[in-house]
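These notes concern the structure reproduced below.
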Ligand code: HEM
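Numbering (the working numbering), first residue to last: 163 to 359.
Written as C-alpha cells, this is what we have:
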C-alpha cells in the first residue's frame with residue numbers, strides 16, 4: 163500500500179507536469195479549459211474540474227506514454243490452467259508487459275507520441291478500444307485498488323499547478339527514469355513563477 167499509493171502517484175504527476183510544461187500549446191489549451199469555471203482567485207476543487215475532458219486527457223496520456231509501472235507483477239497461473247491469449251498450464255508465471263502494450267502500435271496510431279487530443283475522439287468504438295488497451299492500472303481482479311484516489315489526486319493537483327504556476331524547464335533538461343519496482347522519474351528541474359490572477 164505504501165509503495166503503490168505513493169511512488170506511482172508521484173511518477174504519474176511528475177511525468178504529467180514534465181510533458182505539459184515541455185509542450186506549451188497543450189499547456190495553453192489546458193489552461194483555457196478551466197477559465198470560465200474556476201474563479202480567478204480560487205483553487206480548483208474536484209467537483210469543479212473532474213469533468214473537464216482536456217484535463218482528463220492530460221492525465222490519461224502521460225500515464226500511457228510513461229506508465230508508473232512498466233511491467234506487471236508476476237502472477238502464477240492457478241490450478242487447472244487458464245485461457246490467457248491461448249491455454250496456459252497451471253504453475254506458469256505470467257505478467258503484463260505494460261510499457262510495451264501501451265506504446266505498441268496495435269491499437270493506436272503514433273503510439274509512442276504524447277498526444278492528449280487522442281482521448282477526445284468522438285468515435286465510440288475507437289475510444290472503447292483505447293480504454294480496453296489502457297492498462298496503466300493493470301486489469302482483472304488484481305488491478306489497482308487505489309485508482310479512484312489516484313484520479314482524485316491527479317485531477318486536483320494538476321489543475322491547481324497549471325492554474326497557479328507558470329513554469330519553464332531548465333535549458334537542456336532531459337528527464338531520466340530509474341527502472342526499479344516502479345519506473346521512477348528523476349527530479350524535474352524547472353523554474354516556476356506564481357501566475358498573476
Ligand atoms: C497513478 C497512480 C497509480 C498507478 C499508475 C497505479 C498502478 C498500479 C498497478 C499497475 C497495479 C497492479 C500491479 C500489478 O499487478 O502489476 C496496482 C496495484 C495496486 N495499487 Fe495502484 N497505482 C496507482 C495509485 C495507487 C494508490 C493511490 C493506491 C492506494 C492508496 C494504490 C494501491 C494499490 C494496491 C494496494 C495494489 C495491489 C492490489 C492487489 O494486488 O490486489 N495504487 N497499482
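Glycine included, each C-beta is placed from N, C-alpha and C at the ideal position.
Computed from a predicted model, the values in this text were never measured in an experiment.
Residues that residue 339 bridges to, as DSSP identifies them: 347
Residue 296 beta carbon less than 9 Å from that of residue 222: Closer than 9 Å, so yes.
The stretch 288-306 in contact with the stretch 316-325 per 3-pair CB rule at 8 Å: At 8 Å Cβ cutoff, the stretches do not touch.
Closest residue to residue 215 among 304, 323, 283, 306 (Cα-Cα distance): 283
Range of the contiguous alpha helix (DSSP H) that encloses residue 282: Premise fails: residue 282 is in no alpha helix (DSSP H) and is neither H nor E.
Residue closest to residue 276, alpha-carbon to alpha-carbon, out of 165, 224, 194: 224
The stretch 236-245 / the stretch 267-276 touching (three or more Cβ pairs under 8 Å): no
Span of the alpha helix (DSSP H), counted from its first residue to its last, around residue 180: 164-183
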